[in-house]
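Let me begin by presenting the structure, written as structure tokens, before commenting on it.
In my numbering, the protein residues as written are 1321 to 1970.
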């Protein structure tokens, strides 16, 4: 459970082997190129595979062909010219077939539209050759937007007559007649109203009925032609599908590898580049580079005092690994730091379990997490499984099973344990025989305060260790989150606890001077003392030192009190379930269990699980980020991003 150890790799060889070296790094799936200063020797030429890739990608997309699950090793194409010739050949065949289909579709659509207008003229026995060639009258057929039909009333004196044939929500289909000398003017008016004119083909010279029959024959012939064109295109897709997929896969690999050439520096016919890889992947990467016939050098990087540019990859066991998501949300640790995932996993599950303690709901939460883990890739699903286990464990402590507290004996009804708690906290007047969890609220709140204090002290210890490892003894010894701050915080906790819980006189003069005043003075003088120890120049500001102490005191108080929200959620969870019990009518044991009771209980539990589960999860995450991480964690690490080639994308 730590940060994956990395190695720095330096790869070089003859320029003609560059593509092979890049391909080897990509194939390993465990190599991240290191950034280097811009060099005049860095390769910047245009990708020669780009045009062929773009052309074949468009064709494959139009044909519904993807680059998935096809072996590209048998494809003999290698050079950009090979792929360009192949792309041109495929493109020519595809264009011929698609153009033929497009022309057929266009003609078919045009004739269907014409036939639709002809059907509107079925009542006319006059041949079209006469209707559209009258000497003094012009005829126009088409469609008008439905909302503009009423506007025709404004033009009744303009010497044109509009006769509608059919209406729908969008258009009115019809014909209008106008004197020849006013045709141009009337056409402008109708165009302004949105009239869309349809011109009948010249070969439709007979009346509407015969024209309709002729169009039906033309449409039938064109539909047959369309089916033939579709079959030809489908056969073409079937014939080249596997091959085109394999070519695309190889072409994508070639193209993306070429883009990576910008990561290399070339000079004198040789290339070089560097990058990082996990040490445990060394054998696999070295074998691939040897196969590529290039030379390489591996330098394992020690965690101590490593550069901040070294990428970070977390390494945790299967149980705590899902909680890496929260670490990545806040920011990865630096390579020389440490991975807090196990600590976050345990504290998160612990606090959530305390807040959401219920045996039945915890088990349901775990089962739901398992199901979602199988069906989805949601990162919260495996976390839900683990949270449910801790919820069920603390449900045993509270004696709650779906809010029912008569199945398992709660801790406050176990006299051998509870009387010991009452004796220990005798100064607070804890009831010896509480009837429900609300009467035990004081114990729960005190417990959460103690838990919060312990977590804060552990966080301070982490900060002390971190600063000693980073060779910052001043921060480790004299800061609010260092040894001095820990001594003050622990002394105040023991003093307050001893005074109020056990009646002890803790705050004696030696106690205050040695454990509170002296550490406070060291914190105030942190700047000069740190400079003295670390042998550097002093930068001291009285105002800044005073503000640091005041801010630290407020932070200690607010952070500690924040943990009361854990106890508050315990009581709110119990309160929600009490409301559910009252609505279901189960608070009175004499009431019979009915179907309505069961349904109310089920719905109530679902609502409580949804609301309380979400709120508890958010509140625990807030405690982790603000009360825990703020004391020791930086989160300024660089994520390890190995180069990968997405060969399966469309």
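Quick reminder that beta carbons are idealized off the backbone N, C-alpha and C, glycines included.
Note that the structure is predicted; figures quoted are calculated from it, not measured.
Considered as a whole, the segment 1483–1523 harbours 1503–1512 as its complete alpha helix (DSSP H) runs of no fewer than 4 residues, in chain order. Counting only runs of at least 4 residues, the segment 1584–1623 fully encloses the following alpha helix (DSSP H) elements, listed from N- to C-terminal order: 1602–1611.
For residue 1937, the enclosing alpha helix (DSSP H) covers residues 1915–1942.
For residue 1411, the secondary structure class from DSSP, reduced to helix, strand or coil, is helix. Taking 8 angstroms as the cut-off, the beta carbon of residue 1330 is found closer than this to the beta carbon of residue 1616. Residue 1942 and residue 1879 have their C-alpha atoms spaced approximately 11 angstroms apart. Taking the C-beta atoms as reference points, residue 1707 is found nearer than 8 angstroms to residue 1672. Among the bridge pairs identified by DSSP, residue 1326 is matched with 1598. The beta carbon of residue 1652 sits closer than 6 angstroms to the beta carbons of 1632, 1957, 1959 from its chain, once the five residues preceding and following it are set aside; these are given in chain order. Between residue 1944 and residue 1668, the C-beta gap is smaller than 8 angstroms, which places the two residues in contact. For residue 1891, the enclosing alpha helix (DSSP H) covers residues 1884–1904. Around the beta carbon of residue 1759, fewer than 16 other beta carbons lie within 10 angstroms, which makes this residue exposed. For residue 1786, no beta strand (DSSP E) segment is defined; the enclosing uninterrupted segment is the alpha helix (DSSP H) at 1761–1789.
For the pair residue 1376 and residue 1648, the Cα-to-Cα distance works out to about 38 angstroms. The beta carbon of residue 1524 lies closer than 6 angstroms to those of 1448, 1531 in the same chain, with the five residues before and after it left out. Pairing residue 1885 with residue 1825 gives a Cβ-Cβ distance that is not under 8 angstroms. The straight-line gap separating the alpha-carbon atoms of residue 1948 and residue 1781 is approximately 11 angstroms. Counting along the chain, no beta strand (DSSP E) covers residue 1705; the unbroken alpha helix (DSSP H) around it starts and ends at 1700–1718. For residue 1457, the enclosing beta strand (DSSP E) stretches over residues 1457–1465.
Taking all protein chains in view, the Cβ of residue 1547 is surrounded by fewer than 16 other Cβ atoms within 10 Å, so the residue is classified as exposed. Proximity to residue 1407 across 1428, 1457, 1370, 1419 peaks at 1370, based on C-alpha coordinates.
With 16 or more other Cβ atoms inside 10 Å of its own Cβ, residue 1799 counts as buried. For the set 1792, 1718, 1834, the Cα lying nearest the Cα of residue 1887 is the one of 1718. Here residue 1500 is exposed: its Cβ has fewer than 16 other Cβ atoms, across all protein chains shown, within 10 Å. Just so you know, the alpha carbons of residue 1326 and residue 1690 end up roughly 33 angstroms apart. In this structure the segment 1840–1851 touches the segment 1788–1804; the number of beta carbon pairs closer than 8 angstroms is three or more.
Excluding the 5 residues flanking it on each side, residue 1629 has same chain C-beta neighbours closer than 7 angstroms at 1958, in chain order. In the displayed model, residue 1635 falls within a strand according to three-state DSSP. Annotation for residue 1645: the continuous alpha helix (DSSP H) segment containing it runs 1644–1650. By the criterion of a C-beta distance shorter than 6 angstroms, residue 1703 is surrounded in its chain by 1642, once the five residues flanking it on both sides are discounted.
Its Cα nearest to that of residue 1535, the residue 1436 stands out among 1494, 1467, 1436, 1925. Note: residue 1724 is bridge-paired with 1721 in the DSSP secondary-structure output. Relative to the Cα of residue 1492, the nearest Cα in the group 1763, 1847, 1514 belongs to 1514. DSSP places residue 1857 outside both helix and strand once states are collapsed to three, so it counts as coil.
Segment contact: the segment 1338–1356 against the segment 1582–1600, three or more CB-CB distances shorter than 8 angstroms; contact assigned. In the three-state scheme derived from DSSP, where H, G and I count as helix and E and B as strand, residue 1398 is classed as coil.
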